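Here's the structure, in structure tokens; my notes come after.
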Amino acid sequence: TKDGGRTALHLAALSCLAPVVRKLLANGAAPDVRDARGETALHIGCGIGSHEVVHELVQGGAEFDGEGHAAHELTPLECCCVGKNGVLLEGHFAAAEVLLKAGARVGRALQRLQDSKFEGPLSQQLEGRLNEAASSNP
């Protein structure tokens, strides 16, 4: 674990390499290892909006409702809602959809999205999907 406590799985997620993530998990990589910032590979995949990586990690058994324990303490779903460097991308919506279909709790994610002050159709679409998930799975 070099590079701030990041494992090969963290680095594959950061590089959006879903096939590498799948192979690492198939070969026994632990999906929930935290780096020095308290982030798992799933937090990273959600933060950069790589729904392919998120899908592989969820399929590989990653804990999708766990909080980071660093400065921000976000769940993976919240990471989807804050975007990357202040920008909400299509991939963030797709990654959130993967988590919601897997049964992720909406929790604070909806409030986090509303607090982010993102505007535009993608933000509205994500907010609508989170509201739908919250009402169907209280």
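Here the sequence shown stands for residues -23 to -1, 1 to 115, where the numbers follow mature numbering (1 follows the signal peptide of the UniProt record, and there is no 0).
Where a beta carbon is used, it is the ideal one built from N, C-alpha and C, also for glycine.
Given the structure is predicted, the values throughout are model-derived calculations rather than measurements.
Query raised in the report: With distances taken from CA atoms, which of 113, -17 and 16 is nearest residue 1?
Result: Locating residue 1 in the sequence shown gives position 24, where the first residue counts as 1. Among 113, -17 and 16, the Cα nearest to that of residue 1 is on -17.
Query - Opening and closing residue of the alpha helix (DSSP H) in which residue 34 lies - result: Residue mapping note: residue 34 aligns to position 57 of the sequence shown, counting from 1. First-last of the alpha helix (DSSP H) with residue 34: 28 to 36.
Report task. Excluding the 5 residues preceding and the 5 following residue 87 in the sequence, name in chain order all residues of the same chain whose CB lies nearer than 8 Å to its CB. Result -> To locate residue 87, count along the sequence shown from 1; it is residue 110. Closer than 8 Å at the Cβ level, and outside the excluded window around residue 87, lie 58, 104, 107, 108 and 111.
**Report entry** In DSSP terms, what residue 64 is bridged to
**Finding:** Taking the first residue of the sequence shown as 1, we reach residue 64 at position 87. In DSSP, residue 64 forms a bridge with 61.
Query raised in the report: Taking all protein chains shown into account, do 16 or more other C-beta atoms lie within 10 angstroms of the C-beta of residue 92, making it buried, or fewer, making it exposed?
Result: Along the sequence shown, read from residue 1 onward, the residue named residue 92 stands at position 115. Exposed, because fewer than 16 other Cβ atoms sit within 10 Å of the Cβ of residue 92.
Report task. Taking the CB atoms as reference points, tell me whether residue 39 and residue 8 lie closer together than 8 Å. Result -> As a working mapping, residue 39 is identified with position 62 in the sequence shown. As a working mapping, residue 8 is identified with position 31 in the sequence shown. Against a cut-off of 8 Å, the Cβ pair of residue 8 and residue 39 comes out as a contact.
Query raised in the report: Sorted by chain position, which residues of the same chain lie with C-beta nearer than 6 Å to residue 37's C-beta, five sequence neighbours on each side aside?
Result: To locate residue 37, count along the sequence shown from 1; it is residue 60. Counting only Cβ-Cβ distances below 6 Å, and skipping sequence neighbours, we find 2 and 8.
Report task. Could you check what DSSP says for residue -18 in three-state terms: helix, strand or coil? Result -> If you number the sequence shown from 1, residue -18 lands on position 6. The answer is strand: DSSP assigns residue -18 an E or B state.
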